[in-house]
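Only one structure is covered here, and it is reproduced in the block below.
Residue numbers (this note's numbering): 196 to 343.
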């Protein structure tokens, strides 16, 4: 075991998190709740953009709400990325110290975290597409403001 990992394991906060009582499920559930919120917001933004795509001209209020949702989604994804990266690191360190009995459950948590990270990656790509569409309609709003 490297000196860096041994030193990391000596930190009291880290040692307390490695205990079998660490609430892995609670932390993963927090990410799942945020994931559900992001799903809802992306669907709402896509529905608003679809209405605009079907011949509607962007309205300032609708564009404001779309942009607000895009910013909110971005923040949520950053939170989820940071939280999942932190949990991933903690789990990998815990696997080094855990007795073989606990490794199976820790591996299940690790697999779930990896799956959530992959889903977040998909949402990042989806957000990029939605953001580009929103920018297109925002440009339309600014070029023809008298249209409303």
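Built from N, CA and C at the ideal position, the CB exists for glycine as well. Being a predicted model, the structure only gives us computed values, none of them experimental.
With contacts defined by Cβ atoms closer than 8 Å, residue 301 and residue 290 form a contacting pair. With distances taken between CA atoms, residue 311 lies nearest to 226 out of 255, 226, 239.
Residue 307 is not a Cβ neighbour of residue 274, given a cutoff of 8 Å. With contacts defined as CB atoms closer than 8 Å, residue 268 and residue 244 fail to qualify as a contacting pair.
A distance of 8 Å or more separates the beta carbons of residue 321 and residue 223.
Leaving aside the five residues that flank residue 253 on each side, the residues in its chain whose CB is nearer than 8 Å to its CB run, in chain order, 247, 332, 333, 335, 336. For residue 327, the enclosing alpha helix (DSSP H) begins and ends at 295-338. DSSP places residue 255 in the uninterrupted alpha helix (DSSP H) bounded by 255-292.
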